[in-house]
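> Here it is, the structure, as structure tokens.
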Amino acid sequence: METVTYALTPHTYAIIAQRRRYVDAILRPMETKEQLRSRVLARRDALPEDVRTRKSAAICTRLERVLADAFADAGGTAGPGAGVQEVPTVAVFASMRSEVDTQLFVESAYTRGWRVCFPCMVREGREDGMSSESDTPSRMAFYRVEREQLEAARAGFLGAPLRCLPCAALERDGFQPVAPDELDAVVVPLVAFDDAGRRLGYGGGNYDQLLPRLRADAVVVGVAFDEQRAETVPCEPHDVPLPRVVSG
Numbered sequence: 001m002e003t004v005t006y007a008l009t010p011h012t013y014a015i016i017a018q019r020r021r022y023v024d025a026i027l028r029p030m031e032t033k034e035q036l037r038s039r040v041l042a043r044r045d046a047l048p049e050d051v052r053t054r055k056s057a058a059i060c061t062r063l064e065r066v067l068a069d070a071f072a073d074a075g076g077t078a079g080p081g082a083g084v085q086e087v088p089t090v091a092v093f094a095s096m097r098s099e100v101d102t103q104l105f106v107e108s109a110y111t112r113g114w115r116v117c118f119p120c121m122v123r124e125g126r127e128d129g130m131s132s133e134s135d136t137p138s139r140m141a142f143y144r145v146e147r148e149q150l151e152a153a154r155a156g157f158l159g160a161p162l163r164c165l166p167c168a169a170l171e172r173d174g175f176q177p178v179a180p181d182e183l184d185a186v187v188v189p190l191v192a193f194d195d196a197g198r199r200l201g202y203g204g205g206n207y208d209q210l211l212p213r214l215r216a217d218a219v220v221v222g223v224a225f226d227e228q229r230a231e232t233v234p235c236e237p238h239d240v241p242l243p244r245v246v247s248g
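Using UniProt numbering, count along the sequence shown one by one with no gaps and you end on 248.
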């Protein structure tokens, strides 16, 4: 028997995503965060590799344009607390599993001369990481990675985003910490989002803690596939909505 394979067009994917959101609204009005997270992650994981690659490229292109326009509008004023620096500092995550692949954006940021930072889970303590978890709590911190350091960073903390490392070890390897108020833009990962900017993350609360510590003029943008859009994301008082999500 001959097998016929049909290729879905971007328009067809958009129709499917719209119908899924309709189902969200009708059948799951009281969905919990855990239920929504599980369902949307399964949907994201199910995206074919070629579709994920194509969508990621389009999202990265739009993201670069959004940030470039924002920096241009800010006028490039330098100095602490005085707006975007002459050379913007951008925080972006290293993609894991089926997330939007940010690599094309990272390359574009380096090409534009922007300073690029990545998050890492850290803990104050010995360089050998032998301090116990009860001694010092872990937290998310950002470290600047120069273009020539990227491969070393991938072999280290970027290759295992959830691994917790001693701050001293990262600095010993040449990665300099960047404070939240030094960030001109932050690209935020997410599991699900809705049209009101409510974001569902992985449950660690790291970005909910970070966002209130940014400067008021810092540009905050979430990135996601359209398949991660939900009709409504349940939220709690500590949840911080996103002003913008670039999706595709």
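Beta carbons: idealized from backbone N, C-alpha and C, even for Gly. Note that this is a predicted model, so its numbers are computed, not measured.
For E227, count neighbouring Cβ atoms within 10 angstroms of its own Cβ and tell me buried if that reaches 16, exposed if not.
Classification of E227: buried, given that the 10 Å Cβ count is 16 or more.
> Under a three-way DSSP split, which group does L200 fall into?
L200: strand per DSSP, three-state reduction.
> What residues in its chain sit with their C-beta under 6 Å from that of A185, if we drop five residues either side in the sequence?
If we look at A185 and ignore the five residues flanking it on each side, its Cβ neighbours are L67, V90 and V219.
> Between E99 and the ligand NAP, is there a pair consisting of the residue's CB and a ligand heavy atom that are separated by less than 7 Å?
With respect to the ligand NAP, the structure offers nothing, as it holds no ligand at all.
> Let me know if A192 comes out buried or exposed under the rule of 16 or more other beta-carbons within 10 Å of its beta-carbon.
Looking at its Cβ environment, which holds 16 or more other Cβ atoms inside 10 Å, A192 is buried.
> Can you pull the DSSP bridge partners for V92?
According to DSSP, which records beta bridges pairwise, V92 is partnered with nothing at all.
> Could you tell me the alpha carbon to alpha carbon distance between V178 and R215, rounded to whole angstroms?
Using only the alpha carbons, I get a separation of about 13 Å.
> Is it buried or exposed, S247, if we count other Cβ atoms within 10 angstroms and call 16 or more buried?
Label assigned to S247: buried.
> Which partner residues of A168 appear in the DSSP bridge assignment?
A168 pairs with nothing; no bridge assigned.
> Kindly indicate the opening and closing residues of the alpha helix (DSSP H) around A153.
Note, A153: alpha helix (DSSP H), L150 to A155.
> Who are the near neighbours of C120 in its chain, counting only those whose CB is closer than 7 Å to its CB and skipping five residues on each side?
The residues are A141, Y143, F157, L165 and L170.
> V106 by DSSP, collapsed to three states: which one?
Three-state DSSP puts V106 in a helix.
> Which residue marks the beginning of the alpha helix (DSSP H) containing F71, and which one marks its end?
Where F71 is concerned, the enclosing alpha helix (DSSP H) stretches over E49 to A74.
> Report the residue from V188, P243 and D208 whose alpha carbon sits nearest the alpha carbon of A196.
Nearest option by C-alpha distance: P243.
> To which residues does DSSP link Y143 through a beta bridge?
Note: Y143 sits in a beta bridge opposite F118 and P177.
> Go ahead and label E34 buried or exposed: buried means 16 or more other beta carbons lie within 10 angstroms of its beta carbon, across all protein chains shown.
Flag for E34 reads exposed.
> Might you give, ordered along the chain, the residues of its own chain that have their beta carbon closer than 7 Å to the beta carbon of C235, omitting 5 neighbours on each side?
R198, listed in sequence order.
> Nearest to P137 by CA position, among R123, D208, Q149 and V145, is which residue?
Per the Cα distances, R123.
> Smallest Cα separation from D45: which of E146, F225 and A57?
Out of E146, F225 and A57, F225 has the C-alpha closest to the C-alpha of D45.
> What residues are listed by DSSP as bridge partners for V220?
Note: V220 sits in a beta bridge opposite V186.
> Determine the extent of the alpha helix (DSSP H) in which S38 is found, giving its start and end residues.
K33 to D45 is the extent of the alpha helix (DSSP H) around S38.
> Considering only their Cβ atoms, is the gap separating V92 from F105 smaller than 8 Å?
A contact, by the Cβ cut-off of 8 Å.
> Relative to the C-alpha of F175, which residue among E31, C117 and G201 is closest?
Out of E31, C117 and G201, C117 has the C-alpha closest to the C-alpha of F175.
> On the CB-based measure, 16 or more other CB atoms within 10 Å of its CB, does T111 come out buried or exposed?
When all chains shown are included, T111 counts as exposed.
> According to DSSP, R123 sits in a beta bridge with which residue or residues?
Paired residues: P166.
> Taking the alpha-carbon positions, what's the E231 to S108 distance?
The straight-line gap from Cα to Cα measures roughly 32 Å.
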